[in-house]
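The structure appears below as structure tokens.
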């Protein structure tokens, strides 16, 4: 572990660059989209993918044991919590009565029920 | 500082620095949405994004220093961000967190 192989270093570099790209994409979406729901769509997918890619870079860097395993646990945790958080926030936004941008509307069945 | 004397190639070091700079700048940009966001869910979404970005920054810092302890730090940060998001959403809808 004191010397990182060239192939592993290349894989880590590629994963870091991919993760940075997705972080930038998610942030551009958060800043530019016109609506809470659109912004949620952008951040909860792109940003999670970017952070997971950087976690994967950590796994490749630290090897399959110890802290690398912690990185894998981080990926699983991120993939479990990001959709849950997004769902909860969007439901809170609907309960608060945040409107859609443009002419979009809720479907009839969903607007009748409480969830 | 003599825990893990990683001898990383130069391009990997450069990539880690690049990733740190990009993630930090992106986190600063998200702050605009926290301040400016028209509604409260906008701010919550932006704060959640800041949490995810800080998780990425912690992992990159672990790579930069070669200390795997910061991976654990990032995991704890992810947990705290998730709990805070749930708490704020619950407070907004129910008016109470623990009843």
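Chains as they are written, first to last, in this note's numbering: chain A, 1 to 115; chain G, 1001 to 1099.
Glycine included, each C-beta is placed from N, C-alpha and C at the ideal position.
Looking only at C-alpha atoms, which of the options sits nearest to residue i?
i, options, result
"residue 20 of chain A", "A/55, A/85 and A/91", "A/55"
"residue 1022 of chain G", "A/51, A/82 and A/77", "A/51"
"residue 1025 of chain G", "G/1097, G/1082 and G/1049", "G/1049"
"residue 22 of chain A", "A/59, A/45 and A/67", "A/45"
"residue 1042 of chain G", "G/1088, G/1095, G/1012 and G/1013", "G/1088"
"residue 1019 of chain G", "A/86, A/79 and A/57", "A/57"
Using only the alpha-carbon positions, how far apart do residue i and residue j sit?
i, j, result
"residue 1073 of chain G", "residue 1015 of chain G", "21 Å"
"residue 98 of chain A", "residue 71 of chain A", "37 Å"
"residue 1036 of chain G", "residue 1046 of chain G", "10 Å"
"residue 65 of chain A", "residue 5 of chain A", "17 Å"
"residue 1051 of chain G", "residue 101 of chain A", "26 Å"
"residue 81 of chain A", "residue 105 of chain A", "27 Å"
"residue 1013 of chain G", "residue 1040 of chain G", "39 Å"
"residue 1017 of chain G", "residue 74 of chain A", "22 Å"
"residue 1027 of chain G", "residue 1059 of chain G", "15 Å"
Who are the Cβ neighbours of residue i in its own chain at under 7 Å, not counting the five residues just before and after it?
i, result
"residue 1068 of chain G", "1062"
"residue 89 of chain A", "40"
"residue 42 of chain A", "26, 29, 30 and 33"
"residue 1009 of chain G", "none"
"residue 1085 of chain G", "1044 and 1048"
"residue 1083 of chain G", "none"
Just reading off the alpha helix (DSSP H) that residue i is part of, what are its end residues?
i, result
"residue 1056 of chain G", "1040 to 1065"
"residue 995 of chain G", "With chain G represented from 1001 up to 1099, any question about residue 995 of chain G goes unanswered, as that position is not in the structure."
"residue 29 of chain A", "6 to 32"
"residue 36 of chain A", "36 to 42"
"residue 47 of chain A", "First-last for residue 47 of chain A: undefined, no H or E at that position."
Under 7 Å Cβ-Cβ, which residues of chain A neighbour residue i?
i, result
"residue 1015 of chain G", "13, 16 and 17"
"residue 1042 of chain G", "36 and 39"
"residue 1031 of chain G", "Chain A residues near residue 1031 of chain G: none, gap ~10 Å exceeds 7 Å."
"residue 1082 of chain G", "81 and 85"
"residue 1022 of chain G", "20, 23 and 24"
So which residues of chain A does residue i contact, with C-beta pairs closer than 8 Å?
i, result
"residue 1047 of chain G", "In chain order: nothing, as chain A lies at least about 10 Å away."
"residue 1018 of chain G", "16, 17 and 20"
"residue 1085 of chain G", "85, 88 and 89"
Give the interface partners of residue i over in chain G, defined as CB-CB distance under 7 Å, in chain order.
i, result
"residue 73 of chain A", "1075"
"residue 58 of chain A", "1059, 1062, 1063 and 1071"
Which residues in the same chain as residue i place their Cβ atom closer than 6 Å to its Cβ, once the five residues preceding and following it in sequence are excluded?
i, result
"residue 959 of chain G", "Because chain G spans 1001 through 1099 in this model, residue 959 of chain G falls outside it and cannot be assessed."
Run through chain G and tell me which residues come within less than 8 Å of residue i, C-beta to C-beta.
i, result
"residue 6 of chain A", "1009"
"residue 67 of chain A", "1062, 1068, 1069, 1071 and 1072"
Whose C-beta lies closer than 8 Å to the C-beta of residue i among residues of the same chain, with five residues either side of it excluded?
i, result
"residue 15 of chain A", "53, 54, 56, 57 and 60"
Applying a beta-carbon distance threshold of less than 9 Å, which residues of chain G neighbour residue i?
i, result
"residue 76 of chain A", "Chain G residues near residue 76 of chain A: none, gap ~10 Å exceeds 9 Å."
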